[in-house]
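Participant: The structure that follows is given in the form of C-alpha cells.
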Amino acid sequence: MDVRRRSTMDTPTKARNGPMKVKVVDHENDVGVVGAKASDALPLPLYLTNAVFFTLFFSVVYFLLTRWREKIRTSTPLHVVNLSEIVAILAFVASFIYLLGFFGIDFVQSLILRPSNDVWAADDDEEEHERLILKDDARKVPCGAGLDCSPIPQIAPVAAAAPKAVAQKVFDKEVVLSTPCDFTAQPLTEEDEEVVKSVVAGTIPSYSLESKLGDCRRAAAIRREALQRITGKSLGGLPLEGFDYESILGQCCEMPVGYVQIPVGIAGPLMLDGREFSVPMATTEGCLVASTNRGFKAINLSGGATSVLLRDGMTRAPCVRFNSAKRAAELKFYLEEPKNYDTLSTVFNRSSRFGRLQTIKCAIAGKNLYMRFTCSTGDAMGMNMVSKGVQNVLDFLQNDFPDMDVIGISGNYCSDKKPAAVNWIEGRGKSVVCEAVIKGDVVQKVLKTNVASLCELNMLKNLTGSAMAGALGGFNAHASNIVSAIYIATGQDPAQNVESSHCITMMEPINDGQDLHVSVTMPSIEVGTVGGGTQLASQSACLNLLGVKGANREAPGSNARLLATVVAGSVLAGELSLMSAISAGQLVNSHMKYNRSSKDVSAVASA
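Each residue of the sequence shown is one higher than the last, beginning at 658 in the numbering used here.
Here is the structure:
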C-alpha cells in the first residue's frame, strides 16, 4: 500500500473532541499530498519572515510620523511627498497587508470558527482536518493499520499498550476512529524537535507555546515532551489525546500537558419537586454513588423531596481605607442610605444585563471599610459579573470620596473559598432548604435502621459533636462529599465546595414517632450553568443530563437555581444514607467491601 501523506505533526491541527475522521477518496493511481502549508513557499523560515515585516512596519511608521511632524512644523502640505516617502508608504502598505493576513484573519477566524462546545455538532466543524487515503485500503485493512502508531518512546523505553479502536463504522466513504493514536507513541517532526529543545533550554517559554504555534493540541504535546525531558519522569499514564485543548485556552487552564480521568457515576432517579433527576457524580471514592443512590430510593419510595430557594445573590466585598475612622463611617452611612440606592444600583448594573444590585452591607475595622455587595447573576455563578459591578461603583465613589484608598477589590468579607460565618448567616450564591418525610417501613426495609436511632445519632453527631469540634457550617455528616462530586461532574469551581458545603442536617420523628422528617439547610450553594468549566464537552453533557445546560432564555437564572436545588436534594439523600449506615453499624463493612481494591498490592508493587 502506497499512501503518500504528510505526518499529522507537520501542520498544526486543532484539538478535537470525539472521533477522528478519515475521508476516503476513490483515485485511480495516486493520492495527493494533504496538509501543505502556505508558509512552505516563503524563502525564509516563518519566524524570520514575521520579524522582517514587523521591523519594516514599525520602521516606516516611525519614519512617516517623523516626516509629517516636520511638514506640520514648516507648514508644508502633507500630500507633497518625495521619493523616500513614496517608498515608505508602499512599504507600509505591503507590511500592513502581510501582518493583517497573517495575524488579523487568523484571529478573526479563531473567534468566528471556534470549535463548538456541543459534542454532537463538533464533527461538522472539522472537515478541514480530514485525511485522504485509498478507497480500497478502507475496505480491506482495519483503520488502525492505515496509521503509523508504532511505539517510539521519546525519553526512555517504556512499555506502551497498543491503542484500541473501541468503535469503527463506515458511512458514505467516511471512516470514524473512536480512539486516535497516543501522541507519545509517535515520532516528533524535526520542527517540533527543535521547539522541544528550545523549551528545555529555556529560550522559548513554555507558557507561550499556544500563541507561537497556533495549535493548542500541538503545544500541549510539545510541552509534555519537554517536561518529561527536564524532569526525567514519564507521563505515560496521563492521557493526551481525546481532549479539545482549544476549548480551555484563555478560560479554564494554562500550560496543559494532558487531562485527568475521573469516573462519573449516575445516582437516581431523584424525585424532587415532582420531577425526576438522574444525578452525575464524578468521584474516586467507592460507596459514595451507591450510598447516595440508596438515599434516593428511600426518598422516592416515600413520595419524593421538596425544596425552597430562600436567596439568590453572589457577593463581592472590597476593602477601602481612609485617614480616619470618621471618614470611613461617612461612606458607610452614604452606602446604607436608602435614597442613594437607586444611584448606586444604576452605576452597578452597567456592567451586565443580568447583574442586578440587591444589597450593600458594610463593616468597619478602624479606618478600614468593608463593603459587601450582593447581586443577582442570572445563570452564571457570577464572580466576574459582581466584580465588574463593584469596580464601577468604586470608580463612581472616587468622585465624592477622593481620599478613599482602595486596598483590594476583595477584602475577604465576601467570603470566597473560605469557611466564614458571614456566608453561614447571610448566605452567598443560592440558599436552599430541602426536606422529605421518610416512611417508617422505608427506614427499616431500605435504610436498615429505625427512626429513633437516626434522630438520636443526628443530635449527638451532627449537632452536639460538631459544636464540640467548633464547626463552622459543618453540622452534617458528609455534605461536601456529594457537593464535590456534582461540582466536578458539572464543571463548577471545586474550591467553592468549602462554603457550598455549609449545611445543617435536621432529623425529627413525626406521626407519633412512626415516620422521619429529614431536612438540609444550605445557605451558600455557588453554582452556574454558563461560563467556566460548564462549557467543556464532558461537563456540558452532565448538565444536559440534568436539563440545566446553558442559560435559560425564557427565565434567566432558573437553570442555575434548579441545579442548586438538585445539589441540596442529593445532599439530603447522602446524609440520609450515611447516617443510616452509621446507625446500623454498616459503615466499616460496606467500605471494606466496596471501597478497597481487590488487587494484590504487593504483587503489583513487585512487578
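Quick reminder that beta carbons are idealized off the backbone N, C-alpha and C, glycines included.
The model shown is predicted, which means the values in this text are computed figures rather than measured ones.
Apply the 10 Å Cβ neighbour rule to residue 834 and answer buried if 16 or more other Cβ atoms are within range, or exposed otherwise.
Facilitator: Locating residue 834 in the sequence shown gives position 177, where the first residue counts as 1. Note on residue 834: pLDDT 38, under 50, position unreliable in the model; no value is reported.
Participant: Measure the Cβ-Cβ separation of residue 1049 and residue 1007 and say whether it is below 7 angstroms.
Facilitator: Start at 1 with the first residue of the sequence shown, and residue 1049 comes out as number 392. Start at 1 with the first residue of the sequence shown, and residue 1007 comes out as number 350. Yes; because the gap between Cβ atoms is below 7 angstroms, this pair is in contact.
Participant: Pull up the DSSP beta-bridge partners for residue 964, would you.
Facilitator: Here residue 964 refers to the residue found at position 307 when the sequence shown is read from its first residue. Answer by DSSP bridge pairing, in chain order: 1091.
Participant: Looking only at its chain, what residues have a beta carbon closer than 7 angstroms to the beta carbon of residue 1123, apart from the 5 residues adjacent to it on each side?
Facilitator: Here residue 1123 is taken as the residue at index 466 of the sequence shown, counted from 1. Correct list, in chain order: 1131 and 1132.
Participant: Thinking C-alpha only, which one of 1005, 1112 and 710 is nearest residue 745?
Facilitator: Residue 745 sits at position 88 when you count from the first residue of the sequence shown. It is 710.
Participant: Applying the criterion that 16 or more other CB atoms from any shown protein chain within 10 Å of the CB defines a buried residue, is residue 807 buried or exposed?
Facilitator: As a working note, residue 807 is residue 150 in the sequence shown. Caution applies to residue 807, whose pLDDT of 40 falls short of 50 and renders its modelled position unreliable; the value that the coordinates give is listed next. Its Cβ having fewer than 16 others within 10 Å, residue 807 is exposed.
Participant: With 16 other CB atoms within 10 Å as the buried threshold, where does residue 1185 fall?
Facilitator: The residue given as residue 1185 occupies position 528 in the sequence shown. Under this definition residue 1185 is a buried residue.
Participant: Does residue 1180 come out as helix, strand or coil in the three-state DSSP assignment?
Facilitator: Along the sequence shown, read from residue 1 onward, the residue named residue 1180 stands at position 523. Looking at residue 1180 - three-state DSSP - the assignment turns out to be strand.
Participant: What's the call for residue 965, buried or exposed, on a 16-neighbour Cβ count within 10 Å?
Facilitator: Taking the first residue of the sequence shown as position 1, residue 965 is located at position 308. So residue 965 ends up on the exposed side.
Participant: Excluding the 5 residues preceding and the 5 following residue 1045 in the sequence, name in chain order all residues of the same chain whose CB lies nearer than 6 angstroms to its CB.
Facilitator: The sequence position of residue 1045 within the sequence shown is 388, counting from 1. Around residue 1045: 1008.
Participant: Out of 1158, 1189 and 750, which has the shortest C-alpha to C-alpha gap to residue 1089?
Facilitator: For the purposes of this step, residue 1089 is taken as residue 432 along the sequence shown, with counting starting at 1. Closest option to residue 1089, Cα to Cα, is 1158.
Participant: Give me the residue from 1128, 1040 and 719 with the minimum Cα distance to residue 1150.
Facilitator: Numbered from its first residue, the sequence shown carries residue 1150 at position 493. Among 1128, 1040 and 719, the Cα nearest to that of residue 1150 belongs to 1040.
Participant: Given a cut-off of 7 angstroms, decide if residue 1182 and residue 1086 are closer than it, judged by their beta-carbon atoms.
Facilitator: Within the sequence shown, numbered from 1, the residue matching residue 1086 stands at position 429. Within the sequence shown, numbered from 1, the residue matching residue 1182 stands at position 525. It is a contact, given that the beta carbons lie within the stated cut-off.
Participant: With respect to the alpha helix (DSSP H) encompassing residue 1055, which residues constitute its N-terminal and C-terminal limits?
Facilitator: As a first step, residue 1055 is located in the sequence shown; it is residue number 398 there, counting from the start. Taken as a continuous stretch (DSSP letters only), the alpha helix (DSSP H) holding residue 1055 covers 1040-1057.
Participant: Check the DSSP bridge columns for residue 1018 and list the partner residues they point to.
Facilitator: Along the sequence shown, one-based indexing puts residue 1018 at 361. Paired residue(s): 1029.
Participant: In whole angstroms, what separates the C-alpha of residue 1213 from that of residue 1224?
Facilitator: On the sequence shown, residue 1213 is found 556 positions in, with the first residue counted as 1. On the sequence shown, residue 1224 is found 567 positions in, with the first residue counted as 1. Whole-angstrom Cα-Cα distance: 19 angstroms.
Participant: For residue 1234, which option in 1120, 1177 and 1104 has the closest C-alpha, if you only look at C-alpha atoms?
Facilitator: Here the question's residue 1234 lines up with position 577 in the sequence shown. Nearest option by C-alpha distance: 1104.
Participant: Where does residue 1062 land, buried or exposed, given buried means 16+ other C-beta within 10 angstroms?
Facilitator: Indexing the sequence shown from 1 puts residue 1062 at position 405. Label assigned to residue 1062: exposed.
Participant: Mapping the DSSP letters down to three states, classify residue 995 as helix, strand or coil.
Facilitator: Within the sequence shown, residue 995 is the residue found at index 338, counting from 1. Helix.
Participant: Let me know the secondary structure DSSP gives residue 1085 once reduced to three states.
Facilitator: To locate residue 1085, count along the sequence shown from 1; it is residue 428. Correct three-state label for residue 1085: coil.
Participant: Counting Cβ pairs, one atom from each stretch, are 3 or more of them under 8 angstroms apart for the segment 1153-1171 and the segment 1013-1024?
Facilitator: At 8 angstroms Cβ cutoff, the stretches do not touch.
Participant: Within the segment 863-945, note down every full beta strand (DSSP E) run reaching 3 residues or more, in order along the chain.
Facilitator: If we require 3 residues or more, the beta strand (DSSP E) runs fully inside the segment 863-945 come out as 921-929 and 932-939.
Participant: Using the Cα positions of residue 1117 and residue 1232, report the straight-line distance between them to the nearest angstrom.
Facilitator: If you number the sequence shown from 1, residue 1117 lands on position 460. If you number the sequence shown from 1, residue 1232 lands on position 575. Roughly 15 angstroms between the two C-alpha positions.
Participant: Helix, strand or coil for residue 812, going by three-state DSSP, please let me know.
Facilitator: By 1-based counting over the sequence shown, the position of residue 812 is 155. Because the pLDDT at residue 812 is just 40, under 50, the model does not fix this residue reliably, and the value given afterwards should be weighed accordingly. In the structure shown, residue 812 sits in coil (DSSP, three-state: anything other than H, G, I, E or B).
Participant: Could you check which residue in 1227, 715 and 1245 has the C-alpha nearest to that of residue 955?
Facilitator: As a working note, residue 955 is residue 298 in the sequence shown. With distances taken between Cα atoms, residue 955 lies closest to 1227.
Participant: Three or more C-beta pairs under 8 angstroms: does that hold for the segment 919-934 against the segment 886-893?
Facilitator: With the cut-off at 8 angstroms, the segment 919-934 and the segment 886-893 do not touch.
Participant: Sorted by chain position, which residues of the same chain lie with C-beta nearer than 6 angstroms to residue 981's C-beta, five sequence neighbours on each side aside?
Facilitator: One-based indexing of the sequence shown puts residue 981 at position 324. Excluding positions up to five away in sequence, the list reads 1024.
Participant: My output table needs one value for residue 1173: the three-state DSSP class, helix, strand or coil.
Facilitator: Sequence index remark: in the sequence shown, residue 1173 carries index 516 (1-based). Residue 1173: strand per DSSP, three-state reduction.
Participant: Does the ligand NAP have a heavy atom nearer than 6 angstroms to the CB of residue 885?
Facilitator: Of ligands this structure carries none, so the ligand NAP is not represented either.
Participant: Using the beta-carbon count (16 or more within 10 Å), is residue 1168 buried or exposed?
Facilitator: Within the sequence shown, the letter at position 511 stands for residue 1168. Residue 1168 should be labelled exposed.
Participant: For residue 721, collect the residues of the same chain with a Cβ closer than 6 angstroms to its Cβ; drop the 5 residues on either side in sequence, then sort them by chain order.
Facilitator: For this step, residue 721 is matched to residue 64 along the sequence shown. These residues qualify, in order along the chain: 745.
Participant: Using the three-state DSSP reduction, which class does residue 1162 fall into: helix, strand or coil?
Facilitator: Here residue 1162 refers to the residue found at position 505 of the sequence shown. Here residue 1162 sits in strand by DSSP.
Participant: Report buried or exposed for residue 1196, applying the criterion of at least 16 other Cβ atoms within 10 angstroms of its Cβ.
Facilitator: The count along the sequence shown starts at 1 and reaches residue 1196 at position 539. With 16 or more other Cβ atoms within 10 Å, it is buried.
Participant: According to the neighbour-count rule (16 or more other Cβ atoms, all chains shown, within 10 Å of its Cβ), is residue 910 buried or exposed?
Facilitator: On the sequence shown, residue 910 is found 253 positions in, with the first residue counted as 1. Exposed, since its Cβ has fewer than 16 Cβ neighbours within 10 Å.
Participant: I need the boundaries of the alpha helix (DSSP H) containing residue 1097, first residue and last residue.
Facilitator: Locating residue 1097 in the sequence shown gives position 440, counting from the first residue. Counting along the chain, the alpha helix (DSSP H) containing residue 1097 begins and ends at 1097-1102.
Participant: Look up residue 1071 in the DSSP assignment and say whether it is helix, strand or coil.
Facilitator: Position 414 of the sequence shown, counted from the first residue, corresponds to residue 1071. If DSSP states are grouped into helix, strand and coil, residue 1071 belongs with coil.
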